[in-house]
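Residue numbers (full-length UniProt numbering), protein chains in the order written: chain A, 1 to 248; chain B, 1 to 248.
Glycine included, every Cβ here is placed at the ideal spot set by N, Cα and C.
This one's a predicted model, so the numbers in the text were calculated from it and none came from an experiment.
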DNA sequence: CGTCTGATTGAGGCTACTCAAACGCGGTGG
DNA sequence: CCACCGCGTTTGAGTAGCCTCAATCAGACG
């Protein structure tokens with residue numbers, strides 16, 4: 001373990017902090033986070049990070065790569081709840097509610113910062129700024145899910161796809177995963193389909209339609225937004241004002 | 001205002017605490033909450049409690065009555081995100097993210113405890129237990145939305161209705177709003193329809209079908225679960241283990 | 001008794017679903 | 001080098017669940 005510690009990303013040099021998307025830390029907060037972080041975990045594409053109902057003692061921050069949160073009905077129908085990108089906190093429900101009702105799976109090879117969930121209490125006790133950050137992230141996530149619920153509940157297939165594409169692009173862009181209106185898509189049409197609540201077949205047809213109308217392209221795992229305005233109109237989407245997010 | 005203060009519910013005598021659903025408070029926490037609470041608000045059925053984009057300086061706890069959270073697309077299609085019952089925190093996103101992306105509207109005449117949102121920081125600074133409670137509530141709400149998203153994304157009309165009925169019943173029961181497998185339904189079919197992501201017409205047909213098959217009844221604004229097991233099977237629903245919730 | 005809101009029912013149509021087959025492509029092994 | 005996977009994508013054909021439009025009904029209220 002000491003060995004792996006040497007290869008560990010130092011919080012003071014956290015690559016996420018270089019990007020100008022996180023609020024500034026106080027020194028003592030950073031010192032604490034460094035102690036709070038008990039290690040780093042590599043999970044390869046397709047593997048489970050946190051399993052529903054499975055109580056691990058850890059929570060994670062996604063440092064590198066993509067993941068997704070999902071639940072299923074008993075008969076196997078799967079809902080993708082949201083995608084996770086660097087900076088996202090995974091397993092907060094486990095720490096706070098002591099229960100996970102969804103699974104988190106890696107889409108790409110990922111790197112995770114590992115924290116002991118039983119130390120979350122000491123965060124609240126001694127580092128109110130960090131505690132606030134955690135709450136910020138929880139609220140933010142809820143806001144995103146609210147958006148998806150609106151989408152799945154009331155948009156048609158084309159609108160849903162347009163919305164999701166813009167959503168993914170914009171989130172990828174914030175963490176430096178998009179350049180030039182395009183980003184690497186580490187998911188399959190089946191993932192999109194389960195996120196949108198549309199069958200794979202119909203998802204495919206919808207994708208083809210929007211592509212043929214030059215709204216976007218998807219070649220070699222790379223998605224490019226070609227007609228942002230058109231997609232925004234389709235989806236009635238408004239880009240969030242970028243707010244500096246906290247990081248833990 | 002001094003006048004209304006006299007009619008205010010005392011936190012020490014908070015009726016919600018009488019019901020054995022909230023975690024115990026420490027005395028000093030209770031003292032603080034008493035100070036934190038700046039007043040009480042009555043909102044009548046149908047009125048807006050918090051308006052999307054509208055930055056009020058307050059957040060609320062629902063003390064009495066029903067409310068619902070909702071957003072809409074530009075063309076008016078409305079998604080009911082969730083229903084709120086006593087003990088639920090309203091406006092946390094406002095306090096934490098400084099932005100509300102949904103509206104909260106009263107379904108019945110409601111009583112709300114009013115808190116200054118700019119004091120939320122002092123909660124985090126000085127009352128970690130309460131801060132944790134707020135985060136607990138945020139996480140819990142997210143968990144509920146996740147459940148709805150699964151429902152709207154992957155259940156058919158009958159399954160969605162079954163799920164929502166059980167969900168509402170169980171939540172109502174926890175706060176003492178249900179007796180004998182039945183509860184007062186302060187909403188219309190249109191509300192359900194917007195929550196389920198199904199048109200009012202089809203919602204009506206689905207309701208009639210499930211009623212005619214004796215799954216439940218809905219007479220004089222009162223919903224009664226007649227065949228709980230049947231509904232659970234339909235919806236693949238599992239009742240949550242009751243956990244003591246925090247209260248703020 | 002007229003009006004309003006919400007619930008209900010009918011008829012017809014379209015979106016999205018199901019079933020099924022074929023295609024493209026990277027990987028593997030003979 | 002090529003045949004043979006296996007996974008993900010694509011396309012076709014027929015169907016059904018849910019939608020739209022529209023009218024009627026029931027109850028509350030002034």
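For residue i, which of helix, strand or coil comes out of DSSP?
i: residue 199 of chain B; result: coil
i: residue 70 of chain A; result: strand
i: residue 60 of chain B; result: strand
i: residue 99 of chain A; result: coil
i: residue 153 of chain A; result: helix
i: residue 85 of chain B; result: coil
i: residue 185 of chain B; result: coil
i: residue 179 of chain A; result: strand
i: residue 9 of chain B; result: coil
i: residue 80 of chain B; result: strand
i: residue 21 of chain B; result: coil
i: residue 106 of chain B; result: strand
i: residue 166 of chain B; result: helix
i: residue 90 of chain A; result: strand
i: residue 236 of chain B; result: coil
i: residue 28 of chain A; result: helix
i: residue 231 of chain B; result: helix
Below 8 Å CB to CB, which residues in the same chain sit around residue i once its five sequence neighbours on both sides are set aside?
i: residue 221 of chain B; result: 184, 185 and 186
i: residue 18 of chain A; result: none
i: residue 175 of chain B; result: 16, 19, 21, 85, 86 and 87
i: residue 131 of chain B; result: 123 and 124
i: residue 3 of chain B; result: With a pLDDT of 39 at residue 3 of chain B, under the threshold of 50, the modelled position of this residue cannot be trusted; read the value that follows with caution. Once the five neighbours on either side are set aside, residue 3 of chain B has no close Cβ partner at all.
i: residue 9 of chain B; result: 15, 40, 63, 111 and 113
Spatial neighbours of residue i within its chain, please: CB distance less than 7 Å, with the 5 preceding and 5 following residues excluded, ordered by chain position.
i: residue 80 of chain B; result: 68, 70, 191, 194 and 195
i: residue 148 of chain A; result: 82
i: residue 102 of chain B; result: 52, 69, 70, 71 and 81
i: residue 138 of chain A; result: 92
i: residue 108 of chain B; result: 45, 65, 66 and 186
i: residue 241 of chain A; result: none
i: residue 127 of chain A; result: 29 and 32
Starting from residue i, trace the beta strand (DSSP E) in both directions and tell me its first and last residue.
i: residue 39 of chain B; result: 37-43
i: residue 243 of chain B; result: Taken as a continuous stretch (DSSP letters only), residue 243 of chain B belongs to no beta strand (DSSP E), as it is neither H nor E.
Per DSSP, what are the beta-bridge partners of residue i in this structure?
i: residue 113 of chain B; result: B/40 and B/61
i: residue 225 of chain A; result: A/216
i: residue 262 of chain A; result: Summary: the structure shown does not reach residue 262 of chain A, with chain A confined to residues 1 through 248, and so no result is reported for it.
Ends of the alpha helix (DSSP H) at residue i?
i: residue 217 of chain B; result: No alpha helix (DSSP H) contains residue 217 of chain B, which is instead part of the beta strand (DSSP E) from 216-219.
i: residue 75 of chain A; result: First-last for residue 75 of chain A: undefined, no H or E at that position.
i: residue 125 of chain B; result: 120-126
Within a Cβ cutoff of 6 Å, which residues of the same chain sit near residue i, ignoring the five residues on either side of it in sequence?
i: residue 180 of chain B; result: none
i: residue 39 of chain B; result: 114
i: residue 225 of chain A; result: 169, 181 and 216
Any chance the CB of residue i is under 8 Å from a heavy atom of the ligand MG?
i: residue 125 of chain A; result: The model on display carries no ligand, and the ligand MG is accordingly not part of it.
TODO: May I ask you to list, following chain order, the residues of the region 145-162 of chain A that have a beta carbon less than 9 Å from some beta carbon of chain B?
DONE: Answer set for the region 145-162 of chain A: 145, 146, 147, 148, 149, 150, 151, 152, 153, 154, 155 and 159.
- [ ] Residues of the region 10-42 of chain B with a CB closer than 7 Å to any CB of chain A: list them in chain order, please.
- [x] Correct list: empty, as no residue qualifies.
Task: Short-range partners of chain B found in the region 176-198 of chain A, where Cβ spacing is below 7 Å - done: Within the region 176-198 of chain A, the residues whose Cβ lies closer than 7 Å to some Cβ of chain B are 197, listed in chain order.
Task: Under 7 Å (Cβ pairs) to chain B, residues found in the region 95-108 of chain A - done: Contact annotation: in the region 95-108 of chain A, residues whose CB is within less than 7 Å of a CB in chain B are 96, 97, 101 and 102.
- [ ] For the region 226-239 of chain A, enumerate the residues whose C-beta is nearer than 8 Å to any C-beta of chain B, in chain order.
- [x] Hits within the stretch, in order: 236.
TODO: Name, going along the chain, the residues of the region 126-147 of chain A whose beta-carbon falls closer than 9 Å to a beta-carbon of chain B.
DONE: Result list: 126, 128, 129, 131, 132, 134, 135, 136, 138, 139, 140, 141, 142, 143, 145, 146 and 147.
Open item on the list: Using a Cβ-Cβ cutoff of 7 Å, what residues of the region 78-93 of chain B are near chain A? List them in chain order.
Closed with: For the region 78-93 of chain B, the set of residues with a beta-carbon nearer than 7 Å to any beta-carbon of chain A comprises 79, 81, 92 and 93, in chain order.
Task: Contact list for the region 47-73 of chain B against chain A, Cβ threshold 7 Å - done: Close to chain A, meaning a Cβ-Cβ distance shorter than 7 Å, are the following residues of the region 47-73 of chain B: 71 and 73.
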